[in-house]
Structure formats: structure tokens, C-alpha cells
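S.K.: Once you've had a glance at the structure underneath, I'll fire off some questions.
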Amino acid sequence: MLIARTLPDLRAATADLRVRADALALVPTMGALHEGHGALVAAGVASGAATVASIFVNPLQFAPTEDLARYPRDEAGDLAKLEAWGCALAWLPDVATMYPAGGATTIVPEGPAEGWEGAARPGHFRGVATVVAKLFGQVGAEAAYFGEKDWQQLQVVRRMAADLHLPVAVIGIPTVREADGLARSSRNRYLTEAERARAPALHRALSRAATALASGAAPASTLGAERAALERDGFAVDYLALVDGPSLRAIEAVRPGARLIAAARLGSVRLLDNVAAG
Ligand code: PAF
Numbered sequence: 005m006l007i008a009r010t011l012p013d014l015r016a017a018t019a020d021l022r023v024r025a026d027a028l029a030l031v032p033t034m035g036a037l038h039e040g041h042g043a044l045v046a047a048g049v050a051s052g053a054a055t056v057a058s059i060f061v062n063p064l065q066f067a068p069t070e071d072l073a074r075y076p077r078d079e080a081g082d083l084a085k086l087e088a089w090g091c092a093l094a095w096l097p098d099v100a101t102m103y104p105a106g107g108a109t110t111i112v113p114e115g116p117a118e119g120w121e122g123a124a125r126p127g128h129f130r131g132v133a134t135v136v137a138k139l140f141g142q143v144g145a146e147a148a149y150f151g152e153k154d155w156q157q158l159q160v161v162r163r164m165a166a167d168l169h170l171p172v173a174v175i176g177i178p179t180v181r182e183a184d185g186l187a188r189s190s191r192n193r194y195l196t197e198a199e200r201a202r203a204p205a206l207h208r209a210l211s212r213a214a215t216a217l218a219s220g221a222a223p224a225s226t227l228g229a230e231r232a233a234l235e236r237d238g239f240a241v242d243y244l245a246l247v248d249g250p251s252l253r254a255i256e257a258v259r260p261g262a263r264l265i266a267a268a269r270l271g272s273v274r275l276l277d278n279v280a281a282g
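End of the sequence shown = 282 in our numbering, gap-free, step of one.
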């Protein structure tokens, strides 16, 4: 596996890969890699593309109140995983490379970026859209892979790539779950043992709601009952909502492509999850 830490090294490495492969795939990450990232790399590798994974903890997507310094970092462990998963190149830029002095341009997404995570974390999707656009420009991959676990992020990136006519296919990969249903996430490591035992209730609530809606139950009462059940289980529910999948607009009735999305806190850990509802 090649490793690049500067833009000239990245250009040389991607040129080298293009001699050997017909296409490049990009998997953007912030490190602390787990099986969810493994599924993204596996999809890139399975497509036949030379797969490039970036590791960059992006300061622009953290609010001043969020602890950027606390974000888990394990470069050696991450590189070993990427190599084992068949990644061709790891791109590890530093902050000065991504945000050079004098930079004056960011991307402010609207539409699917509004509400939900966009409301809970003001400025977050500006940071995500800006860094992802930079990564797309730097790597020049034909396809980029994102987890459906961060459903709203996936829609924001898709919309941004379409709106800016970026020549990259944005591909969503289904959420990878633990055996008990908990969505894999770098944040899970912060759950206490007791919280970890309760955490799968979030996915159970979403799954029950999806089943109920599929058999004709009314969305408002279904979501109200599941919200109350989560609160009884000790979750502080931020939102549990039925939305149109691509636009993230709240909807009153199930339709093709609808999604149930949720964010809820257990202790200090904010868990996100979503399931198909249409
Ligand atoms: O999902 C993430 O890890 C990040 O938001 C991303 C897409 C790598 C951008 O920093």
C-alpha cells in the first residue's frame, strides 16, 4: 500500500495507480477505522478500482463546543487495517495542506443539510461538504463510498456533487452492525458497559417502527410510542422522524425511498441510526 502525506506525493501516487488500474475509488475517513469503513474499502476494491482511503480529522466539521482533541486517533492501527482490506493508497494530509493560510472558500450546503444533524450541529455540514469537495478534487476518483449510517451526510455529499457537477459517483453502502444490531461507529468506544448493553434499543425501535409503518400504522403515533420506549430505556432522544430519503424533509406518510432517522444520547454519547421505511 502506498502512503502519501503531501499533495505532490499524492499526485505521484495516483498517477502510479492509474498506470495499473482503470479507475480510482475514494473512501474518505477520519480514521479510528472499524468494520463499517472496511465495508466501504471492500466495495471500492470489489469494483476493480484502485482504492484510496483518506484519513483526516477535519477541524471544520467540529463546533467549538465539540471536542476535536478527544477524537480517537490511531494511525498505525488504521494503516494496518487499510492494508489488510486491500487499499492501494492511504492519503494522510495535515491541516495546513487541507486548509492553507489565506483560504477563503467554503461550501455551504442547503436542502438536505437543513434540520436534524444540521440543526443539532450548526456548521457541521459546511465542514463536511468543504473537506469532501477538496478530497474529490485532490484524488480525482471516479467513485466515492460513504456509509448509509450517516444518512444525512450521504445525501448532503450527493447533492453537493450533483450541484457542482463533480465527476464522481457518490455510492452509499449499507450500515454495518454489531451482532445485536448496534450500528458500528467510532463513537461506540465511549459507551460504558451499561450503556453499550442498552444501545441496541435504538436500532430495535427503528426496526419496530419500520415494520409497523409497513403494515399501515400511523407514523405520528408509531414514532411517539417508540420515542417514549427509548426514553424509558434511558435515551435522551434528539429526533426520531420519518423523512423523504434524498431531501431529508419530514413527511407525514410512508412513500418509496422514505427513511426513519434517529439521534439519541446515552450518557455523553450521541448515537445516530436510520432504516429504510418505504
Ligand atoms: O464520515 C466521516 O468520517 C467524515 O464526516 C468525512 C466524510 C470523512 C468527512 O470528514
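Glycine included, each C-beta is placed from N, C-alpha and C at the ideal position.
Go ahead and label ALA67 buried or exposed: buried means 16 or more other beta carbons lie within 10 angstroms of its beta carbon, across all protein chains shown.
M.R.: So ALA67 counts as exposed.
S.K.: State buried or exposed for ASP154, treating a residue as buried only when at least 16 other CB atoms are found within 10 Å of its CB.
M.R.: Buried is the call here.
S.K.: In chain order, what residues place their C-beta within less than 6 Å of a heavy atom belonging to ligand 1?
M.R.: Taken from the N-terminal end onward, the list reads PRO32, THR33, MET34, ASN62, GLN65, VAL132, VAL135, VAL136, ASP154, GLN157.
S.K.: Where DSSP assigns a beta bridge to SER58, which residues make up the other side?
M.R.: Answer by DSSP bridge pairing, in chain order: PRO32, TRP95.
S.K.: Looking at C-beta atoms only, is the number of pairs between the stretch 72-84 and the stretch 163-181 that lie closer than 8 Å three or more?
M.R.: Because the criterion of three Cβ pairs below 8 Å is not met, the stretch 72-84 and the stretch 163-181 do not touch.
S.K.: Since GLY228 is in the beta strand (DSSP E), which residue starts that stretch and which ends it?
M.R.: Segment 223-236 is the alpha helix (DSSP H) holding GLY228; no beta strand (DSSP E) there.
S.K.: Whose CA, out of ALA165, ALA88, ALA108, lies closest to the CA of GLU39?
M.R.: Answer by Cα proximity: ALA88.
S.K.: If contacts are defined as beta-carbon pairs under 8 Å, then GLY144 and LEU28 qualify, I think. What distance do you get, rounded to the angstrom?
M.R.: Indeed, because the Cβ distance is near 7 Å, the residues count as touching under 8 Å.
S.K.: Kindly list the residues whose CB is nearer than 7 Å to the CB of GLY249, restricted to its own chain and excluding five residues on each side of it in sequence; keep chain order.
M.R.: Within the same chain, GLY249 has close Cβ partners GLY261, ALA262, ARG263.
S.K.: Tell me the residue span of the beta strand (DSSP E) that contains VAL161.
M.R.: No beta strand (DSSP E) contains VAL161, which is instead part of the alpha helix (DSSP H) from 155-167.
S.K.: My parser needs the alpha helix (DSSP H) runs of 4 or more residues fully inside the stretch 119-149; what are they?
M.R.: Segments of the alpha helix (DSSP H) lying fully in the stretch 119-149: 121-124, 128-143.
S.K.: Excluding the 5 residues preceding and the 5 following LEU170 in the sequence, name in chain order all residues of the same chain whose CB lies nearer than 6 Å to its CB.
M.R.: PHE140.
S.K.: Rounded to whole angstroms, how far is the Cβ of GLU118 from the Cβ of HIS128, which I believe are closer than 8 Å?
M.R.: Actually they do not touch by this definition, with Cβ atoms about 12 Å apart.
S.K.: By the three-class DSSP mapping on this structure, what secondary structure does ASP292 have?
M.R.: The displayed coordinates of the chain run from 5 to 282. Any statement about residue 292 would go beyond what the structure contains.
S.K.: Considering only the alpha carbon of each residue, which of GLY115, GLN157, ASP26, ALA43 lies closest to ARG188?
M.R.: With distances taken between Cα atoms, ARG188 lies closest to ALA43.
S.K.: Look up LEU252 in the DSSP assignment and say whether it is helix, strand or coil.
M.R.: It is coil, neither helix nor strand.
S.K.: Quick check: what's the CA-CA separation for ASP26 versus VAL174?
M.R.: Using only the alpha carbons, I get a separation of about 18 Å.
S.K.: So, are the CB atoms of ALA254 and ALA240 less than 8 Å apart?
M.R.: Going by C-beta atoms, ALA254 is not nearer than 8 Å to ALA240.
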